[in-house]
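Below is one structure, written out as structure tokens; comments come after it.
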């Protein structure tokens, strides 16, 4: 048996755009969006309901549709990183990576030797894969969040760390760290976000960010390759249109 391919990791390595859908909390909902064409599902373990005990079923549902299971954890802790991988996630998102040492810690927790020091144990992804410990690094994606102004200031050194698949600029905390809580659209915030993305792209690394229908084309033109988006605005727009057409809005 061969290790399952990591769709997002492969697309990013080929310079292609990959899109992750967020806001999914149940395997049945993963099945519902499976045919739509997203490359991965963002399993929210920092702010949302994706606990370790649930990751087995969530990641299995992603496997059914060939989508990458992308799990955000809530701490840059090596044990937490590789336990999440052991539970079946194909990609890890680590918050608040603010300097080179913190980026290196992600790699150490997320990769087996000789690259890192991930605990020598299989994953649910490794069942039946005889050489899992030798090949897992090839299908494990690591994403670090650039979401503080201090990370922007240290971005040059962060970008020197190898084996990270995407440097993902997260706007909400970025704005808060600049003193603009809840004001992502502030011109100074947007300028720093764009500068960060431009630096990532120009360095030859893979940039990622949260995107909407309104700004995804702008970021794609900049060279951003990894996008996370939520379906909530689409649901709200569709619902409003339906209610209006049904005459249920008065």
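Numbering (our numbering), first residue to last: 25 to 274. We put the CB at the ideal spot given by N, CA and C, even for glycine. Quantities reported herein were computed from a predicted structural model and do not represent experimental measurements.
For residue j and residue i, the rounded distance between their alpha carbons
i	j	result
residue 39	residue 259	30 angstroms
residue 210	residue 267	33 angstroms
residue 56	residue 102	33 angstroms
residue 276	residue 256	Because residue 276 is not part of the residues shown, which for the chain are 25 to 274, the question remains open.
residue 215	residue 246	13 angstroms
residue 228	residue 184	10 angstroms
residue 143	residue 273	56 angstroms
residue 146	residue 202	41 angstroms
residue 242	residue 152	43 angstroms
residue 64	residue 35	11 angstroms
residue 250	residue 78	25 angstroms
residue 223	residue 248	11 angstroms
residue 220	residue 119	16 angstroms
residue 124	residue 33	22 angstroms
residue 213	residue 189	24 angstroms
residue 270	residue 179	51 angstroms
residue 100	residue 172	15 angstroms
residue 163	residue 62	18 angstroms
residue 71	residue 264	27 angstroms
residue 135	residue 244	29 angstroms
residue 200	residue 206	7 angstroms
Residue i and residue j closer than 8 angstroms at C-beta
i	j	result
residue 165	residue 253	no
residue 27	residue 156	yes
residue 230	residue 198	no
residue 117	residue 169	yes
residue 67	residue 94	yes
residue 122	residue 194	no
residue 51	residue 30	no
residue 182	residue 115	no
residue 167	residue 232	yes
residue 69	residue 97	yes
residue 84	residue 111	no
residue 76	residue 49	no
residue 187	residue 139	yes
residue 88	residue 47	no
residue 226	residue 208	no
residue 86	residue 54	yes
Where residue i sits in the DSSP three-state scheme
i	result
residue 182	helix
residue 190	strand
residue 65	strand
residue 208	coil
residue 242	helix
residue 215	helix
residue 89	coil
residue 142	coil
residue 4	Absent from the structure is residue 4, since the part of the chain shown begins at 25 and ends at 274.
residue 237	coil
residue 135	coil
residue 201	helix
residue 110	helix
residue 80	helix
residue 104	helix
residue 222	helix
residue 176	helix
residue 70	coil
residue 26	coil
residue 171	coil
residue 262	helix
residue 156	helix
Paired residues, beta bridge with residue i - DSSP
i	result
residue 116	95 and 166
residue 232	192 and 250
Residue i CB to nearest heavy atom of the ligand NAP below 7 angstroms
i	result
residue 121	Because no ligand of any kind appears in the structure shown, any question about the ligand NAP cannot be addressed here.
*asked:* Just to confirm the assignment: which complete beta strand (DSSP E) runs, minimum length 3, are found wholly within the stretch 28–63?
replied: Within the stretch 28–63, the runs of beta strand (DSSP E) at least 3 residues long that lie entirely inside it are, in chain order, 42–46.
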